[in-house]
Amino acid sequence: MALVVQKYGGSSVADASCIKRVAQRIVTTKKAGNDVVVIVSAMGDTTDELLDLAEQVSPLPPGRELDMLLTSGERISMALLAMAIANLGHEARSFTGSQAGVITDSTHGKARIIDVTPSRIREALDLGHIAIVAGFQGVSQDTKDITTLGRGGSDTTAVALAAALRADVCEIYTDVDGVFTADPRIVPTARKIPRISYDEMMEMAACGAKILHLRCVEYARRFDLPIHVRSSFSTKEGTWVVSDPYTEGTEMEQPIISGVAHDRSEAKITVVGVPDKVGEAAAIFKTLADAEINIDMIVQNVSAAATGRTDISFTLPTADSSTALAALKKVQGAIGYESLLFDDQIGKVSLVGAGMRSHPGVTATFFAALADAGVNIEMISTSEIRISVIVEQDEVDAAVAAAHRAFDLDADQVEAVVYGGSGR
Ligand code: ADP
Ligand code: ASP
Ligand code: MG
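Numbering (our numbering) for the sequence shown: 208 to 631.
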């Protein structure tokens, strides 16, 4: 008997009929002789709607209360799904993240899982029940408060539970047939990737491909747990995320570029007129670190000889920008910079591929494709297997399409189907 962990995203449980369809699918897996643990997200756009509601009562809601509010979304879907399964004559039990033993640190809104103690899930399985677990949430070890794992965090709940329960497979069910060479919502000619490495998938996720939560891929790599990303609306084989997808016998050659990712969730801050002396950059980034802000790209201009001052630009999640601006304003006197500029109309476009390690000319082809599409590059950053650029937000779609074409990623026949979801 196998232990199968399945995660269903918001679009897969968007309404009552979707929940009934998913319940059927779960029961079929159970009837095939497997133990089944299901992780479920909030229905449709519930999380976004709850966030909108919170904003209407407070511009900066306390993290503890926001987490309390947001976790209610997953409680609704887990209970409804358990009811739908019971209606099909099978025993299902729903559990909150806390009941399922998902223990986190106490950082509200982006808590990290520090331990998983799924004794109640084991008991349910031993009784022959299907266990349904609310994704995206846990309980803080220190404060005992309810936490959330960050947007898209149900994927991480699924992989963490699959690892703790030593599941045979972790299936992530969503509204597309797997991981594609680009987001099918903006590149209809994107191709499905049959197998991809943890490292490449991590870069794609970190660069905004929201098909999988970044931490979920990190977790899977740590435990060498294969993830099967597939659609809950079809029975097609999806994408396998594994440690070594290009071994002999899998007939897959390592591509130069695996995919193009994009991200519209970042903003850019420029600290203008920073005195060009030792320790200034350290002071700026210490201020941001103390405010718990994750910085992505950084560019420091050459200082103008006449003024002895320079500008430092960096990108960060737009959601953290008011906190960052407030923290920097407080230290303006001490650091002695002139002013701050803020731009949230930017987007990041990234090329990801382990094959670029051994292929010269990837950057040149990428930049030429952007130039031909009339897209201006504002910032650049690279890793061993990734090249990212910041462009104007309005130009993101054109930039992604141009890069996709330049590396011959377009499919001959359209295979990228988006079955549901609002893409929000
Ligand atoms: P779920 O609600 O199931 O968790 P998400 O909306 O979080 O679904 O993730 C699925 C979406 O990810 C797809 O609808 C698609 O628009 C988007 N996406 C972004 N990049 C990719 C990619 N490279 N391959 C497939 N989907 C992608
Ligand atoms: N419901 C949460 C969100 O929308 C978590 C998830 O879907 O993974 O971000
Ligand atoms: Mg998701």
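The beta carbon of each residue, even a glycine, is placed where N, CA and C say it ideally should be.
Integer-rounded CB distance, given that residue j should sit under 8 Å from residue i
i	j	result
residue 345	residue 320	6 Å
residue 571	residue 610	Not really, about 13 Å apart at Cβ, beyond 8 Å.
residue 448	residue 424	7 Å
residue 543	residue 452	Between residue 452 and residue 543 the Cβ distance is about 51 Å, and since that is not below 8 Å, they are no contact.
residue 418	residue 560	Contact flag wrong, Cβ pair sits at about 17 Å.
residue 446	residue 403	6 Å
residue 516	residue 480	5 Å
residue 259	residue 353	No, residue 259 and residue 353 are not in contact; Cβ-Cβ is about 20 Å, not under 8 Å.
residue 580	residue 606	6 Å
residue 209	residue 375	4 Å
residue 504	residue 586	5 Å
Neighbour-count burial assignment, residue i, 16 or more Cβ in a 10 Å radius
i	result
residue 536	exposed
residue 583	exposed
residue 362	buried
residue 541	exposed
residue 501	exposed
residue 351	exposed
residue 430	exposed
residue 596	buried
residue 213	buried
residue 294	exposed
residue 521	buried
residue 462	buried
residue 469	buried
residue 398	buried
residue 250	buried
residue 549	exposed
residue 638	Here the chain comprises residues numbered 208 to 631, so residue 638 is not present and cannot be evaluated.
residue 391	buried
residue 237	buried
residue 408	buried
residue 415	buried
residue 262	exposed
residue 623	buried
residue 441	exposed
residue 546	exposed
residue 568	exposed
residue 564	exposed
residue 450	exposed
residue 242	buried
Cβ pair residue i, residue j closer than 8 Å
i	j	result
residue 634	residue 318	With the chain represented from 208 up to 631, any question about residue 634 goes unanswered, as that position is not in the structure.
residue 359	residue 420	yes
residue 641	residue 229	Since the first residue of the chain shown is 208 and the last is 631, residue 641 is not available in this structure.
residue 297	residue 328	no
residue 290	residue 340	no
residue 355	residue 385	no
residue 552	residue 591	no
residue 221	residue 630	no
residue 603	residue 556	yes
residue 476	residue 523	yes
residue 394	residue 608	yes
residue 216	residue 405	no
residue 439	residue 265	no
residue 432	residue 370	yes
residue 495	residue 534	yes
residue 467	residue 388	yes
residue 625	residue 383	yes
residue 525	residue 473	yes
residue 326	residue 304	no
Minimum C-alpha distance to residue i - residue among the options
i	options	result
residue 378	555, 372, 437, 417	437
residue 283	301, 440, 395, 267	301
residue 527	232, 239, 248, 267	267
residue 574	508, 538, 612	612
residue 272	490, 487, 314, 512	314
residue 279	331, 247, 518	247
residue 484	474, 512, 497, 498	512
residue 616	625, 239, 396, 554	396
residue 594	413, 434, 253	413
residue 401	305, 443, 349	443
residue 566	539, 519, 614	614
residue 519	498, 499, 497, 489	489
residue 367	514, 245, 497	245
residue 471	306, 601, 277	601
Proximity test, Cβ basis, 8 Å: residue i and chain C
i	result
residue 429	Going by chain labels, chain C is absent from the structure shown, which holds only one protein chain.
Alpha helix (DSSP H) runs contained entirely in the segment 417–493, provided each spans 4 or more residues: Runs found: 421–430.
Whole alpha helix (DSSP H) elements within the segment 531–563, 4-residue minimum: Listed in chain order, the complete alpha helix (DSSP H) runs (minimum 4 residues) inside the segment 531–563 are 539–542.
3-residue-minimum beta strand (DSSP E) runs that sit fully inside the segment 285–324, ordered along the chain: Those beta strand (DSSP E) runs which fall completely within the segment 285–324 and span 3+ residues are 299–302, 309–311, 320–323.
Alpha helix (DSSP H) runs wholly inside the segment 247–288, at least 4 long, in chain order: Fully enclosed alpha helix (DSSP H) runs of 4 or longer: 253–264.
Entirely enclosed alpha helix (DSSP H) segments - the segment 564–602, minimum 4 residues: Counting whole runs of 4 or more residues, the segment 564–602 contains the alpha helix (DSSP H) stretches 569–579.
Beta strand (DSSP E) runs wholly inside the segment 490–519, at least 3 long, in chain order: Taking only runs of at least 3 residues, the beta strand (DSSP E) segments lying wholly in the segment 490–519 are 505–507.
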